[in-house]
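Asks: Residue numbers (this note's numbering), protein chains in the order written: chain A, 188 to 590; chain B, 20 to 474. Glycine is no exception: its CB is placed at the ideal position from the N, C-alpha and C atoms.
Structure follows, in structure tokens:
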């Protein structure tokens, strides 16, 4: 059993050349390297130098599009390439030792069986550092990529305007079923199923491997998984949420939720909403860890964050994003993190506007400042991601016979 | 002008979920720890192999409704392990067996292309099909495909995957920071309407460092041979004996030529295992020991159960073959395993004939008839035999495995590879950076997409 950490969780969200749409045009940015393994290894290692708890790898089922400014992907000044995030995380795993690796993996159009074994394998390869940011696909354009289901042709604009709520609710219900199925498949092997009993030539104890027998209106999966139980038992499940339905998905199925407070008022209300969602769905066990997203455009040696943002915006039109944007110094960041922590947040996830510039500023300036104020860990004190986050590391297997 | 010596293509695979892997030996390592895969891959790269190859798991095998526990059980996810191996290797190809039945072409194309980029152009896809309802129970796309339709499904899958790999032209990726152009507006656009798939949209992975990932297949039936000869860069051959292998080789190369391809650009690779000894006698003795360890009495019964489709545990392994008939119409007694042969009755008749002619027991019959191609002898004898097989055009190389995981390949790389290098039949250093470079294969020309104008 692990202790709740004494300092907030610190995460970094990695996306392409950075979260700002014009990031790729910055001098130090390397847009030609977005498909290179070494590019991602370097970023993850940098985050590890900063003693960050975890990095997330952004992904989407289709090409990256800006849902607010360019939903149909017509603009030619946006990054339009992206590799499969789970494989990027796998590429990074042997080159890192401590940092948690949390790829975004979409539900709905993917096979729960494949998702489960991929993440279980990432956990094996990384020796217990794997997580999953659950993404729910509701776009018509995503469905067209597999042609398997008829969906209403809804765009982000439609959703923001409140259209398609029944459909969205159905997608989230399916997503919850997917996550539950993946979790069940992770448990389908008990930890000690492999026995290598030479005398009876039994490699496994067949009584310790279980079918999951999931039947839903969207899919059924018999199981067992082909992959033995992950080292963490249950890799860390996360989700990004902005509204009631996603808060409830997180409350039902996740260990950690990323949220997007815009100001002090919404910071308080969002936290309350998450707790209400937990009550509504009847969550038991560990409370959700609530981590607030913060986009950062940081002061560098040559330029203030504000000046950098102005330059970036001039190139790409104003940056519309779901997360609060902070321009400034390490001290400015620390003030926000302290305020959120006082409100009851479990941590912060930084979205660097430009890579590598803002990741460097995070590691070189912000994280030392946070550590000095007791707002970030000073060392990796647990071998697994669950351990770092203060989640129980001895996870009971739902199929194991009661002793 | 002398023709340069034909180079032997070598692939390495990690023994897995079958009776060939001797997990009970004390030296046998983990089947799931990354360290086992890393060790084998690094050893193969040290031995200048062309690629490392990993099979696929889709369901745990069952016998009589219970998870099968005698052989290795448990596999990692293929793509994930290969992506991790990309981090600890530099030149070794990374070949994934991935079935075309329980995967969507869009996802497949994206994952293989991602692996290709993440490895600097070293990915390969071994295309297989699945057609059993047992395995299908694990998937949304479950149920089963009629066996006769599997090639149609696979053919359209491969075609669609290739269209996606071709959806970016070489000059679509512009990346002009000053002008603010990342990619041309049509980059990655695709549309495909066929009997199996009706899909459209944009593909987010640009053209591979090696043009296209390498495609491998196995194919024995006439339809399978044509499919492979038309579509693949390499074919897994089931033939280990020289005459059969040579006949297959000639046939496949001729079919490739018939499709307008350069036959040298299609590599034919049987699997092979090896047993080394300081003397020939020592090696032969060890090979026999390995076979007997692999095929215990119980294992022999179980292997025959796949053919007889019924419980054979009551038949003495040291006695004759079972005198009962196969349960042809019963549900599969052993589930989740590739069907060994479609013609149970014919197979059984052949086995009975051989057993009678040689006076073999049940167990001996299995040991003799179920062994893979073994190259047995001193390192020099094994090197000679492998080289001879290739130089005389019975194959273009081999995919090599061992009964010992993960260190079994070590002695092959230590003792046999240098001899092949001395003969000039194997590279001493990698010349290029991609798997196509290793195999001497050209990148396919881009096939222009048939997307309507104005899209």
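Are at least three pairs of beta-carbons, each pair with one atom in the stretch 413–427 of chain A and one in the stretch 303–320 of chain A, less than 8 angstroms apart?
Replies: Yes, they touch.
Asks: So what does residue 420 of chain B bridge to, in DSSP terms?
Replies: Paired residues: B:292.
Asks: Which parts of the stretch 248–328 of chain B are runs of the beta strand (DSSP E), unbroken and 3 residues or longer, counting only runs that do not cross its ends?
Replies: For the stretch 248–328 of chain B, whole beta strand (DSSP E) runs of length 3 or above, ordered along the chain, are 253–256, 286–295.
Asks: Please tell me whether residue 464 of chain B has its Cβ less than 8 angstroms away from any Cβ of chain A.
Replies: Chain A, which has no Cβ nearer than 8 angstroms to the Cβ of residue 464 of chain B, makes this no.
Asks: Are the beta-carbon atoms belonging to residue 199 of chain A and residue 539 of chain A less than 8 angstroms from one another?
Replies: Contact flag set, yes.
Asks: So is residue 581 of chain A buried or exposed if we call it buried at 16+ other beta carbons inside 10 Å?
Replies: By the 10 Å Cβ count, residue 581 of chain A comes out exposed.
Asks: Which one or two residues does DSSP pair with residue 144 of chain B in a beta bridge?
Replies: Paired residue(s): B:115, B:234.
Asks: Strictly under 8 angstroms for the Cβ-Cβ distance: is residue 91 of chain B near chain A by that measure?
Replies: True, the Cβ-Cβ gap to chain A drops below 8 angstroms.
Asks: Among all the DSSP beta bridges, which residues are the ones paired with residue 449 of chain A?
Replies: In the DSSP output, where bridge partners are listed per residue, residue 449 of chain A has none listed.
Asks: Measuring alpha carbon to alpha carbon, tell me which of A:346, A:545, A:550 ends up nearest residue 258 of chain A.
Replies: For the residues A:346, A:545, A:550, the minimum Cα distance to residue 258 of chain A belongs to A:346.
Asks: Can you tell me which residues form a DSSP beta bridge with residue 220 of chain B?
Replies: Residue 220 of chain B pairs with B:209.
Asks: Please return the same chain residues whose Cβ sits closer than 7 angstroms to the Cβ of residue 524 of chain A, not counting the five positions on each side in sequence.
Replies: 195, 535, 557, 562.
Asks: Between the C-alpha atoms of residue 117 of chain B and residue 300 of chain B, what's the straight-line distance to the nearest angstrom?
Replies: Answer to the nearest angstrom: the Cα atoms are 40 angstroms apart.
Asks: Quick check: the Cα distance between residue 378 of chain A and residue 413 of chain A, rounded to an integer number of angstroms?
Replies: Going by the C-alpha atoms only, they are around 14 angstroms apart.
Asks: Residue 227 of chain A lies in the beta strand (DSSP E); which residues open and close that run?
Replies: Not the beta strand (DSSP E): residue 227 of chain A falls in the alpha helix (DSSP H), residues 224–236.
Asks: Give me the DSSP bridge partner(s) of residue 480 of chain A.
Replies: Answer is A:536, bridged to residue 480 of chain A.
Asks: Taking C-alpha atoms, which residue in B:429, B:324, B:334, B:123 lies nearest to residue 346 of chain B?
Replies: Considering only alpha carbons, the answer is B:324.
Asks: Three or more C-beta pairs closer than 8 angstroms, one from the stretch 343–357 of chain A and one from the stretch 440–450 of chain A: is that the case here?
Replies: Short answer: they don't touch.
Asks: Between residue 188 of chain A and chain B, is any beta-carbon pair separated by less than 8 angstroms?
Replies: Legend: pLDDT at residue 188 of chain A = 48, less than 50; position of this residue unreliable, no value from coordinates given.
Asks: Ordered along the chain, which non-local residues of its own chain (more than five positions away) have a Cβ less than 7 angstroms from that of residue 587 of chain A?
Replies: For residue 587 of chain A, where only same-chain residues beyond five positions count, the Cβ hits under 7 angstroms are 377.
Asks: Can you tell me whether residue 432 of chain A is helix, strand or coil according to DSSP?
Replies: Three-state result, residue 432 of chain A: helix.
Asks: Does residue 233 of chain B come within less than 8 angstroms of chain A when only Cβ atoms are used?
Replies: Not an interface residue.
Asks: Can you find a C-beta in chain A that's less than 8 angstroms from the C-beta of residue 449 of chain B?
Replies: For residue 449 of chain B, the answer is no, since every Cβ of chain A falls outside 8 angstroms of its Cβ.
Asks: Under the DSSP definition of a beta bridge, which residues are partnered with residue 402 of chain A?
Replies: Looking at the DSSP assignment, residue 402 of chain A forms a beta bridge with A:407.
Asks: Using the Cα positions of residue 352 of chain A and residue 260 of chain A, report the straight-line distance between them to the nearest angstrom.
Replies: Cα to Cα, residue 352 of chain A sits roughly 24 angstroms from residue 260 of chain A.
Asks: Quick check on the DSSP output: what are the complete beta strand (DSSP E) runs of length 3 or more inside the stretch 500–580 of chain A, in order along the chain?
Replies: The qualifying runs are 511–515, 534–539.
Asks: Less than 7 angstroms between C-beta atoms, sequence neighbours within five positions excluded: which residues of the same chain meet that for residue 410 of chain B?
Replies: Excluding positions up to five away in sequence, the list reads 25.
Asks: Taking only beta-carbon atoms, is residue 27 of chain B less than 8 angstroms away from chain A?
Replies: It does not: the Cβ of residue 27 of chain B has no partner Cβ on chain A nearer than 8 angstroms.
Asks: Under DSSP, the beta strand (DSSP E) around residue 320 of chain A begins and ends at which residues?
Replies: Residue 320 of chain A -> beta strand (DSSP E) spans 318–322.
Asks: Quick check: is the beta carbon of residue 506 of chain A nearer than 8 angstroms to any beta carbon in chain B?
Replies: It does not; no Cβ of chain B falls within 8 angstroms.
Asks: If we count the other Cβ atoms within 10 Å of its Cβ and call it buried at 16 or more, is residue 464 of chain B buried or exposed?
Replies: Answer is exposed; the Cβ neighbour count stays below 16.
Asks: Check distances from the C-beta atoms of the stretch 411–436 of chain A to those of chain B and list, in chain order, the residues that come in under 9 angstroms.
Replies: Residues 411, 412, 413, 414, 415.
Asks: Is the shortest distance between the beta-carbon of residue 385 of chain A and the beta-carbons of chain B less than 8 angstroms?
Replies: With 8 angstroms as the cut-off, residue 385 of chain A counts as an interface residue toward chain B.
Asks: For residue 331 of chain B, does the three-state DSSP call read helix, strand or coil?
Replies: In this structure, residue 331 of chain B counts as coil in the three-state DSSP scheme.
Asks: What separation, rounded to the nearest whole angstrom, lies between the Cα atoms of residue 192 of chain B and residue 248 of chain A?
Replies: One C-alpha to the other measures close to 20 angstroms.
Asks: Quick check on residue 474 of chain B - is its C-beta less than 8 angstroms from some C-beta in chain A?
Replies: With a pLDDT of only 36 at residue 474 of chain B, under the threshold of 50, the placement of this residue in the model should not be trusted; the figure read from the coordinates follows. No, residue 474 of chain B lies away from the interface with chain A (no Cβ there is under 8 angstroms from its Cβ).
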